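Scroll down for the structure; my scribbles are underneath it.
In the working numbering, the protein residues as written are 137 to 524.
Given below as structure tokens:
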């Protein structure tokens with residue numbers, strides 16, 4: 137009897153192990169003619185450029201469509217932007233009566249049900265969706281390399297695609313949470329004047345205030361309660377709350393886009409000082425907490441690239457670095473606590489050098505990582521995802 141029980145337990149254990157080793161089927165969804173895997177869509181404003189096999193409508197209407205797909209942070213809502221490239225203005229005009237192409241944004245549930253479709257006069261650069269699907273923030277633009285006639289605009293839409301707010305001349309790096317959106321914009325007739333603003337969709341309130349012309353919107357906390365501005369001029373690093381109140385500033389800390397990261401609730405701030413050091417601040421007071429310095433991998437010192445707080449963890453930091461191993465560049469992903477101590481690391485073979493980083497702590501204590509490969513979101517940057 138005991139032998140049968142032992143054999144049964146061995147078989148059951150083997151079956152459980154085999155089940156754990158089976159690959160998990162990724163969720164794929166059809167969005168009005170294109171098929172995407174939800175896990176392939178980045179965790180941030182950055183979208184997934186979908187390569188279509190055929191040149192949609194390129195032969196009969198003189199245009200080519202370029203789909204880009206975005207998702208909410210919980211993956212429950214998807215936005216499909218269809219950016220249109222004009223191949224032949226004459227064919228377009230003869231078929232539509234206009235030589236101007238119309239782009240559009242469509243909102244879907246994660247099982248492919250269309251919620252709304254809205255036409256836009258310009259291409260979609262970036263998009264963000266609230267986790268409940270109530271709001272979408274869309275950056276539209278018209279961009280020509282080295283052109284002085286570039287146009288950009290931030291649009292805030294409700295759950296039916298109705299426009300709640302429009303802000304023209306907004307920079308590329310608007311930052312959002314579920315209820316609000318922060319932005320920087322230049323004065324229309326004076327590009328030496330810059331404004332820092334915030335719009336709250338829940339109570340329909342907004343504010344704007346002037347800031348240094350070199351200011352960059354560097355990071356926003358996951359809950360939207362705090363935002364950090366960096367500048368290459370005085371006053372340097374600045375931290376604000378959602379009411380626009382300056383909490384602290386440090387004129388000795390100078391930087392640009394992507395040099396800071398805020399913890400999910402805004403209690404801590406991470407600043408990258410070049411490639412040799414991270415500084416961790418108490419974001420409520422501006423006090424220094426600790427620093428993270430590069431360590432050696434196989435006898436080679438790492439170069440810091442970018443860092444972030446893990447989305448659902450207030451006190452865990454993820455850093456992306458590069459190191460040369462046997463003559464080849466490798467990416468090192470390292471997790472640290474607020475004291476700067478190393479928790480774990482992984483060496484991955486990456487084809488991109490990350491400039492932006494997002495990470496989520498999973499239930500099994502693994503970390504899902506999104507690494508974006510270019511600084512300029514107007515270009516088709518490469519990205520990679522890892523889990524360790």
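Just so it is clear, CB atoms sit at the ideal spot from N, CA and C, and this is done for glycine as well. Small disclaimer: the values here were computed from a predicted structure and weren't measured.
Query	Result
Helix, strand or coil: how does DSSP classify residue 323 here?	strand
Whole angstroms are fine: how far does the CA of residue 445 sit from the CA of residue 469?	13 Å
Please classify residue 190: is it buried, with 16 or more other beta-carbons within 10 angstroms of its beta-carbon, or exposed?	A caution first: residue 190 carries a pLDDT of 45, below 50, which makes its placement in the model too unreliable to give a value.
Taking 7 Å as the limit between beta carbons, can you name the residues of its chain near residue 409, skipping five residues before and five after?	415
Skipping 5 residues on each side, what residues in its chain have a beta carbon closer than 6 Å to that of residue 301?	292 and 335
Taking DSSP as the reference, what is the three-state secondary structure of residue 503?	strand
Any beta-carbon of chain B closer than 7 Å to the one on residue 217?	Although the question refers to chain B, the structure presented lacks it and comprises just one protein chain.
Find out if the Cβ-Cβ distance for the pair residue 348, residue 367 is shorter than 7 Å.	yes
Mind reading off the beta-carbon distance from residue 456 to residue 443? Whole number of angstroms is fine, and I expect it under 8 Å.	7 Å
DSSP on residue 226, reduced to helix/strand/coil?	helix
Going by DSSP, what residue range makes up the beta strand (DSSP E) through residue 131?	Because the chain in this structure spans residues 137 to 524, residue 131 falls outside the shown range and cannot be described.
Suppose only complete runs of 4+ residues qualify. What are the alpha helix (DSSP H) ranges in the stretch 356 to 402, listed by chain order?	none
For a test of the three-state rule: what should DSSP assign to residue 232, helix, strand or coil?	helix
According to the neighbour-count rule (16 or more other Cβ atoms, all chains shown, within 10 Å of its Cβ), is residue 374 buried or exposed?	buried
Compare the Cα-Cα distances from residue 476 to each of 406, 199, 298 and 237 and report the closest residue.	406
Taking the straight line between their C-alpha atoms, what separation do you get for residue 484 and residue 233?	52 Å
Since residue 246 and residue 269 should fall inside the 8 Å C-beta cutoff, what is the C-beta to C-beta distance between them, to a whole number of angstroms?	Rounded, the Cβ-Cβ distance is 10 Å, inconsistent with contact.
Compute the Euclidean distance between the alpha carbons of residue 437 and residue 214, then round it to the nearest angstrom.	41 Å
Since residue 353 and residue 404 should fall inside the 8 Å C-beta cutoff, what is the C-beta to C-beta distance between them, to a whole number of angstroms?	Rounded, the Cβ-Cβ distance is 18 Å, inconsistent with contact.
Would you mind working out which of 447, 227 and 441 sits nearest residue 458, comparing C-alpha positions?	441
Would you check if there are 3 or more beta carbon pairs closer than 8 Å linking the stretch 240 to 254 to the stretch 164 to 171?	yes
Could you pull the start and end residues of the beta strand (DSSP E) that residue 254 belongs to?	250 to 256
Please work out which residues of its chain come closer than 7 Å, Cβ to Cβ, to residue 237, disregarding the five sequence neighbours upstream and downstream, and give them in chain order.	199, 220, 222 and 228
Measure the C-alpha to C-alpha separation of residue 517 and residue 184 and round it to an integer number of angstroms.	In this prediction, residue 517 has a pLDDT of 46, which is less than 50 and means its spatial position is unreliable; what the coordinates show is noted afterwards. When rounded, the distance between both Cα atoms is 10 Å.
Is residue 387 near residue 371, with beta carbons less than 7 Å apart?	yes
Tell me the rounded alpha-carbon separation between residue 515 and residue 482.	Legend: pLDDT at residue 515 = 39, less than 50; position of this residue unreliable, no value from coordinates given.
Counting along the chain, where does the beta strand (DSSP E) carrying residue 295 start and finish?	First-last for residue 295: undefined, no H or E at that position.
Skipping 5 residues on each side, what residues in its chain have a beta carbon closer than 7 Å to that of residue 451?	473 and 474
So what does DSSP say about residue 446, is it helix, strand or coil?	coil
Tell me which same chain residues have a C-beta within less than 7 Å of the C-beta of residue 81, skipping the five on either side of it?	The chain is shown only over 137 to 524; residue 81 falls outside these bounds and no answer can be derived.
Comparing alpha-carbon positions, which option in 362, 266 and 216 lies nearest residue 528?	Any property of residue 528 remains undetermined from this structure, which presents the chain solely from 137 to 524.
Using 7 Å as the threshold, is the C-beta distance between residue 369 and residue 350 below it?	yes
Tell me whether residue 174 sits in a helix, a strand or coil according to DSSP, three-state version.	helix
Would DSSP call residue 271 helix, strand or coil?	coil
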